[in-house]
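Count along the sequence shown from 1, then add 128; that gives the number in my numbering. Some notes on the structure that comes next.
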Amino acid sequence: MGVAWLRGVFPPIATAFAPDGSLRPPPVAFLEHLRDGGLDGVVALGSNGEAAQLTDEERLQWIRSVRTALPAPLRLIVGTGAESTIATVDRTRAAAAEGAEAALVIAPSYFRAQLTADTLRAHYHAVADASPIPILIYNVPVHMGYDLGAEWITRLTGHRNIAGLKDSSGDIPRLFGLRARLGPDFVLLAGAGEKMVDALAAGADGAIAALANLAPAATAGIRKAWFGGGAEEAWQLQRTVVPLGDALTRGYGVPGLKAALRMLGYDHGDPRPPLPPLPAEELPNLRRLLEEAQLMPRALAS
Numbered sequence: 129m130g131v132a133w134l135r136g137v138f139p140p141i142a143t144a145f146a147p148d149g150s151l152r153p154p155p156v157a158f159l160e161h162l163r164d165g166g167l168d169g170v171v172a173l174g175s176n177g178e179a180a181q182l183t184d185e186e187r188l189q190w191i192r193s194v195r196t197a198l199p200a201p202l203r204l205i206v207g208t209g210a211e212s213t214i215a216t217v218d219r220t221r222a223a224a225a226e227g228a229e230a231a232l233v234i235a236p237s238y239f240r241a242q243l244t245a246d247t248l249r250a251h252y253h254a255v256a257d258a259s260p261i262p263i264l265i266y267n268v269p270v271h272m273g274y275d276l277g278a279e280w281i282t283r284l285t286g287h288r289n290i291a292g293l294k295d296s297s298g299d300i301p302r303l304f305g306l307r308a309r310l311g312p313d314f315v316l317l318a319g320a321g322e323k324m325v326d327a328l329a330a331g332a333d334g335a336i337a338a339l340a341n342l343a344p345a346a347t348a349g350i351r352k353a354w355f356g357g358g359a360e361e362a363w364q365l366q367r368t369v370v371p372l373g374d375a376l377t378r379g380y381g382v383p384g385l386k387a388a389l390r391m392l393g394y395d396h397g398d399p400r401p402p403l404p405p406l407p408a409e410e411l412p413n414l415r416r417l418l419e420e421a422q423l424m425p426r427a428l429a430s
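Right under this line is the structure:
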């Protein structure tokens, strides 16, 4: 199945909650903003989508809501990873039935001591065998509690339905080796928008980055400029958003993302407990970062 469309920039969108904590549909204006910024699609139920905070019924409801509201030509990737192979297969099939076009599958971590490269290879290959859509391996050490590493990642591949990798380790140099080992057809996506140029220079095809929620035109522009031969333009765009991206990655996380979306006029509600909202004393600094990145509309910046 074709996976060329996965070579792009995708924001892991926030899940929208009402004041009472229940799900509500994603703001259509926000999705149109992502489309108009030149992004390639969205990721629902990623780490920034608070996937771990949703029930299985809510997961399907959210996928359905996003699919219904998603404007063309944006594509839909859905996070489907679970701690067991059978649950991951079930989630992946269910997501595909609701319109997901690819699955982002985080590596299991609960029984870390018994997880070897061979057991994880069997896990991913079983999911790939059963999945009607391409899958991406998701390596996110901050949430998994361990890093797959280049050697293990290479061993997990080798299946026609394992299309690529999202690597959120922050280890940009490893991308050089992965590209050499896995070849040009394997999709490599970075996990930090503020390091996109570095990742692209190291062999990445694009990114799944929280920063793309807030700076869609800049992040899409970085990739377009880089592959269009405009390296200096790409670096300039990256320099504009680095402080904001660093703040999201290094500390603000989901609370900061949701607070920033509210400041930009795309309110997705607060994070779901026990995840707290961003502390009030941090809001002025977040607003300053948005202003310095030239993202605040004039009417909202005043």
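Virtual Cβ for every residue (Gly too), placed ideally from N, Cα, C.
- In this structure, Val137 keeps its C-beta atom at 7 Å or more from the C-beta atom of Leu173.
- Of Arg187, Val268 and Pro407, the smallest CA-CA separation from Arg219 is found for Arg187.
- Taking 7 Å as the cut-off, the beta carbon of Pro383 is found no closer than this to the beta carbon of Leu417.
- Residue environment for Pro140: buried (at least 16 other C-beta atoms within 10 angstroms of its C-beta).
- Pairing Gln181 with Thr208, the inter-Cα distance amounts to about 13 Å.
- Per DSSP, the continuous alpha helix (DSSP H) segment holding Asp164 begins and ends at Val156 to Asp164.
- In the three-state DSSP reduction, Phe138 falls in the strand class (E or B).
- Taking a contact as a CB-CB distance under 8 Å, the pair Gly397 and Ala144 counts as one, their CB atoms being some 6 Å apart.
- Here the alpha carbons of Trp354 and Leu328 stand approximately 8 Å from one another.
- For Asp295, the enclosing beta strand (DSSP E) begins and ends at Ile290 to Asp295.
- Distances from the CA of Met424 to each of Arg240, Ala387, Leu248 and Pro404 were compared; the closest alpha carbon is that of Ala387.
- Ile281 is bridged by DSSP to nothing; it lacks a bridge partner.
- Under a 10 Å Cβ-count criterion, Glu322 is classified as buried, with 16 or more other Cβ atoms of the shown protein chains found around its own Cβ.
- Counting the other Cβ atoms within 10 Å of the Cβ of Glu178 gives 16 or more, which makes it buried.
- When the five nearest sequence neighbours on each side are left out, the beta carbons in the same chain lying within less than 8 Å of the beta carbon of Ile265 are those of Val233, Ala235, Tyr252, Leu276, Ile281, Leu284, Thr285, Ile290, Gly292, Leu293 and Lys294, in order along the chain.
- Counting other Cβ atoms within 10 Å of its Cβ, Tyr380 reaches 16 or more and is therefore classed as buried.
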